[in-house]
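Protein chains in written order, with our numbering: chain Z, 2 to 112; chain S, 52 to 167. Built from N, CA and C at the ideal position, the CB exists for glycine as well. Quantities reported herein were computed from a predicted structural model and do not represent experimental measurements. Inspection log for the structure reproduced underneath, given as structure tokens.
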Amino acid sequence: NAGVTQTPKFQVLKTGQSMTLQCAQDMNHEYMSWYRQDPGMGLRLIHYSVGAGITDQGEVPNGYNVSRSTTEDFPLRLLSAAPSQTSVYFCASSYDGNEQFFGPGTRLTVL
Amino acid sequence: AQKVTQAQTEISVVEKEDVTLDCVYETRDTTYYLFWYKQPPSGELVFLIRRNSFDEQNEISGRYSWNFQKSTSSFNFTITASQVVDSAVYFCALSEGDSGNTPLVFGKGTRLSVIA
């Protein structure tokens with residue numbers, strides 16, 4: 002199993018550009034989520050999904066969209082990037098809550 | 052509302068010292084799960100432990116041990132005989148509900164530096 006994969010690993014955007022952060026898991030996990038990590042802030046939940054076709058907002062959803070058309074994939078879309086979205090983004094998945102498996106992260110810089 | 056507080060922002064110890072990382076949580080649920088994750092300098096998040104609210108037994112895994120006390124809403128983490136490889140940021144997290152399969156609320160983390 003590849004576990005949770007995230008692409009790209011690094012990305013630089015200009016203000017106003019859009020992009021999609023990809024997240025995929027091959028463990029047949031129903032639950033997936035996106036977090037952002039900022040210095041001194043820990044990890045904060047952006048969006049999450051409890052299964053295909055079901056998504057919900059977390060603590061900091063503004064400026065981000067998600068969809069879950071398959072169990073495996075949970076992409077995060079930035080519609081119009083802003084410098085405040087400069088962060089490290091982690092995707093996670095879980096089956097029964099024993100452990101949330103995290104991807105390696107995407108480091109995003111918005112200029 | 053759920054909340055996790057890690058009051059220690061940074062801790063520095065000399066190798067072989069014992070160190071305890073504090074975690075205090077707030078929740079209105081009677082059923083919940085607590086987690087600890089390690090984030091080494093390489094940046095990935097490494098799962099260390101999951102504990103449900105009905106299991107107050109302390110856990111030991113090698114040099115790591117966890118002390119869960121519902122009376123004080125604390126889930127502290129002790130590293131015995133610390134090593135340089137323990138240098139990392141450690142996060143405590145809370146998940147409400149009876150499955151543990153719900154969003155995690157993280158503390159802000161404690162950066163541990165172990166000096167040789």
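Exercise for the section: Would you kindly work out how many angstroms separate the C-alpha atoms of G148/S and I55/Z, rounded to a whole number? Expected result: In the second sequence, the residue the question calls residue 148/S occupies position 97. In the first sequence, the residue the question calls residue 55/Z occupies position 54. Their Cα atoms are separated by approximately 18 Å.
Handout entry: Three-state class that DSSP yields for V61/Z in the structure shown
Key = Numbered from its first residue, the first sequence carries residue 61/Z at position 60. If DSSP states are grouped into helix, strand and coil, V61/Z belongs with coil.
Problem - Check whether H48/Z and Q38/Z have beta carbons under 7 Å apart - result: Taking the first sequence and counting its residues from 1, one reaches residue 48/Z at position 47. Taking the first sequence and counting its residues from 1, one reaches residue 38/Z at position 37. Cβ atoms of H48/Z and Q38/Z: not closer than 7 Å.
Handout entry: Local conformation of Q12/Z per DSSP, three classes
Key = Here residue 12/Z is taken as the residue at index 11 of the first sequence, counted from 1. If DSSP states are grouped into helix, strand and coil, Q12/Z belongs with the strands.
Practice task
Answer yes or no: does any C-beta atom of chain Z fall closer than 7 Å to that of E95/S?
Solution key: Here residue 95/S is taken as the residue at index 44 of the second sequence, counted from 1. True, the Cβ-Cβ gap to chain Z drops below 7 Å.
Handout entry: chain Z contacts made by the region 77-93 of chain S, where a contact means CB separation under 7 Å
Key = Answer set for the region 77-93 of chain S: Y84.
Practice task
Taking a Cβ distance cut-off of 7 Å, strictly less, list which residues of the region 7-35 of chain Z are near chain S, in chain order.
Solution key: From the region 7-35 of chain Z, only Y32, S34 have a Cβ closer than 7 Å to chain S.
Problem - Three-pair Cβ contact test at 8 Å for the region 11-21 of chain Z versus the region 80-92 of chain Z - result: A contact is defined here as three or more CB-CB pairs under 8 Å, and the region 11-21 of chain Z meets this definition with respect to the region 80-92 of chain Z.
Handout entry: Contact set between L77/Z and chain S, taken where Cβ atoms lie within less than 9 Å
Key = Here residue 77/Z is taken as the residue at index 76 of the first sequence, counted from 1. Within chain S, no residue comes near L77/Z; the closest Cβ sits about 15 Å away, beyond 9 Å.
Practice task
State the Cα-Cα distance for the pair T131/S and S122/S, rounded to the nearest angstrom.
Solution key: For the purposes of this step, residue 131/S is taken as residue 80 along the second sequence, with counting starting at 1. For the purposes of this step, residue 122/S is taken as residue 71 along the second sequence, with counting starting at 1. Cα-Cα distance, rounded: 24 Å.
Exercise for the section: Find the nearest neighbour of F126/S within the set Q53/S, L155/S, Y76/S, judged by alpha-carbon distance. Expected result: For the purposes of this step, residue 126/S is identified with residue 75 of the second sequence, where counting begins at 1. Minimum Cα distance to F126/S is reached at Y76/S.
Exercise for the section: May I ask you to report which of helix, strand or coil DSSP gives K89/S? Expected result: Sequence index remark: in the second sequence, residue 89/S carries index 38 (1-based). Strand.
Handout entry: Closest residue to S68/Z among L109/Z, A3/Z, Y32/Z (Cα-Cα distance)
Key = For the purposes of this step, residue 68/Z is identified with residue 67 of the first sequence, where counting begins at 1. Ranked by how close their Cα comes to the Cα of S68/Z, the residues L109/Z, A3/Z, Y32/Z have Y32/Z in first place.
Handout entry: Where P62/Z meets chain S, residues with beta-carbon distance less than 8 Å
Key = Against the first sequence, residue 62/Z aligns to sequence position 61. By Cβ distance, chain S contributes nothing, its closest Cβ being about 12 Å from P62/Z, past 8 Å.
Exercise for the section: Using a cut-off of 7 Å between C-beta atoms, extract the partners of F105/S located in chain Z. Expected result: Residue 105/S sits at position 54 when you count from the first residue of the second sequence. Chain Z residues near F105/S: none, gap ~14 Å exceeds 7 Å.
Problem - Proximal residues of chain Z, C-beta to C-beta of K142/S below 9 Å - result: Start at 1 with the first residue of the second sequence, and residue 142/S comes out as number 91. First, the residue type needs correcting, since residue 142/S is Phe and not Lys in the sequence shown. Under the 9 Å cutoff, chain Z gives G43, L44.
Exercise for the section: Report the neighbours of G59/Z on chain S: residues whose CB is nearer than 9 Å to its CB, in chain order. Expected result: Indexing the first sequence from 1 puts residue 59/Z at position 58. Chain-ordered, the chain S residues with CB closer than 9 Å to the CB of G59/Z read P154.
Handout entry: Cβ of F98/S within 7 Å of any chain Z Cβ
Key = Residue 98/S sits at position 47 when you count from the first residue of the second sequence. Chain Z places a beta carbon closer than 7 Å to that of F98/S, counting this residue as a contact.
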